[in-house]
Amino acid sequence: MKRTGSSGICEVCPLQGMIAPPTGASFGAPAVTEFHLSKGTMRSCEDLTTHFAIVRFGALKVEFLNIDGHPETAGFLFPGEPLVCSVSDQDVAITALEDTSVCDVRPGLLSLDDPQRAEAVELFSQAIAEQAGQDQRRLIQARSGAVSDRLLWFIKDLSSRQKSRTVTFAMSRSDMSHYLNTSAESVSRTLTFLRKKGTIERISTRMYRLAS
Numbered sequence: 442m443k444r445t446g447s448s449g450i451c452e453v454c455p456l457q458g459m460i461a462p463p464t465g466a467s468f469g470a471p472a473v474t475e476f477h478l479s480k481g482t483m484r485s486c487e488d489l490t491t492h493f494a495i496v497r498f499g500a501l502k503v504e505f506l507n508i509d510g511h512p513e514t515a516g517f518l519f520p521g522e523p524l525v526c527s528v529s530d531q532d533v534a535i536t537a538l539e540d541t542s543v544c545d546v547r548p549g550l551l552s553l554d555d556p557q558r559a560e561a562v563e564l565f566s567q568a569i570a571e572q573a574g575q576d577q578r579r580l581i582q583a584r585s586g587a588v589s590d591r592l593l594w595f596i597k598d599l600s601s602r603q604k605s606r607t608v609t610f611a612m613s614r615s616d617m618s619h620y621l622n623t624s625a626e627s628v629s630r631t632l633t634f635l636r637k638k639g640t641i642e643r644i645s646t647r648m649y650r651l652a653s
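Take any residue in the sequence shown, count from 1 to its spot, add 441: that is its number in the numbering used here.
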């Protein structure tokens, strides 16, 4: 993620301009710390429900248990996006799709005066609400219409979030298929179809570019 100047604080962070520059691996301590997840590491979000977690770099898969008790992919998170710790009233678990760093923010502990602290809490609450709405809309879109339409929408959505016409799939074909409610084979076939149609260009197994 892009950072502003030497502050080391992500441009999209609600704390931008509200706290001192970071020192070492954590900053604003004890209000703001940073934890790292190696690729493939899974953890629950139970201890994050009373504060805020935002992806600093890397990518996360978010899962929850459906009514049958099976894990279901609720979405993916990229730098600057906050974690919503509940989906359909179910607690979620996160898995690092690549080496990932997450900011763990507790606005109530910030060294700010009361009005600023209240403002920080409000900004983070708004960010969580907006992310929850976006996650829900994306999940509905991911499961509506023909597979080719869903997959193309997914690629365009990633392009927008990654701010590049060249899209990198941090997730596996299996993760994509679960999210799009189809099979991994169908995802592979549809990628080939879109490539032959000239809609996308294949750069590598996990990297595609939207055609101009």
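Yeah, the Cβ is synthetic: ideal placement off N, Cα and C, and Gly gets one too.
Residue i, DSSP secondary structure in three states
{"i": "M617", "result": "helix"}
{"i": "E522", "result": "coil"}
{"i": "I581", "result": "helix"}
{"i": "D554", "result": "coil"}
{"i": "T646", "result": "coil"}
{"i": "E504", "result": "strand"}
{"i": "E539", "result": "coil"}
{"i": "G516", "result": "strand"}
{"i": "D509", "result": "coil"}
{"i": "S479", "result": "coil"}
{"i": "S467", "result": "Residue placement at S467 is flagged as unreliable, the pLDDT there being 43, under the threshold of 50; the coordinate-derived value follows with that caveat. DSSP places S467 in strand when its eight states are reduced to three."}
{"i": "R547", "result": "coil"}
{"i": "S653", "result": "coil"}
{"i": "A534", "result": "strand"}
{"i": "A494", "result": "strand"}
CB of residue i within 8 Å of CB of residue j, strictly
{"i": "F498", "j": "S542", "result": "yes"}
{"i": "V533", "j": "V496", "result": "no"}
{"i": "L621", "j": "A587", "result": "no"}
{"i": "A500", "j": "F517", "result": "yes"}
{"i": "A515", "j": "F505", "result": "yes"}
{"i": "S601", "j": "R614", "result": "no"}
{"i": "A611", "j": "S618", "result": "no"}
{"i": "S589", "j": "T631", "result": "yes"}
{"i": "G549", "j": "V562", "result": "yes"}
{"i": "T640", "j": "L593", "result": "yes"}
{"i": "R484", "j": "I535", "result": "yes"}
Nearest-angstrom Cβ-Cβ length linking residue i and residue j, presumed shorter than 8 Å
{"i": "N651", "j": "K597", "result": "First, the amino acid is wrong: residue 651 is Leu here, not Asn. So it is a contact: roughly 7 Å between Cβ atoms."}
{"i": "V473", "j": "C544", "result": "6 Å"}
{"i": "A559", "j": "L478", "result": "The pair is not a contact, with the Cβ atoms about 31 Å apart (cut-off 8 Å)."}
{"i": "H492", "j": "V528", "result": "That belief does not hold up - the Cβ atoms of H492 and V528 are roughly 18 Å apart, past 8 Å."}
Given 8 Å, three or more beta-carbon pairs between the segment 563–575 and the segment 637–644: no
Beta strand (DSSP E) runs contained entirely in the segment 589–633, provided each spans 3 or more residues: 607–609
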